[in-house]
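Accompanying notes for the structure given below.
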Amino acid sequence: FTLLLIGFILLDLAHFGYPELTVVAGYELMVTAAMAWYIMAHIIYADVFGRDVLPVGRPWIG
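When the sequence shown is numbered by the working numbering, its final residue is 65 and no position is left out of the sequence of numbers.
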């Protein structure tokens, strides 16, 4: 959710006087979407195959 918040802040700044940030926000939100797809694919594959197929690392909070 941190990347999504950053993207929305960039869009707000672009709306209120810095229009060049629209492109930066667009790329940042595309990265956010790609990460969301990757995490959902990990969850689906782990459920289907019963093991971790895609690497996502260790949880930060145990």
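Glycine residues also receive a C-beta, built at the ideal position from the N, C-alpha and C atoms.
Taken through DSSP and simplified to helix, strand or coil, TRP63 comes out as coil. In the three-state reduction of the DSSP assignment, GLU31 falls in the helix class.
Straight through space, the alpha carbons of LEU14 and ASP55 are spaced by roughly 35 Å. LEU57 sits away from THR35, with the two beta carbons spaced by 8 Å or more. Shown here, TYR21 sits in coil according to DSSP, grouped into three states, outside any helix or strand.
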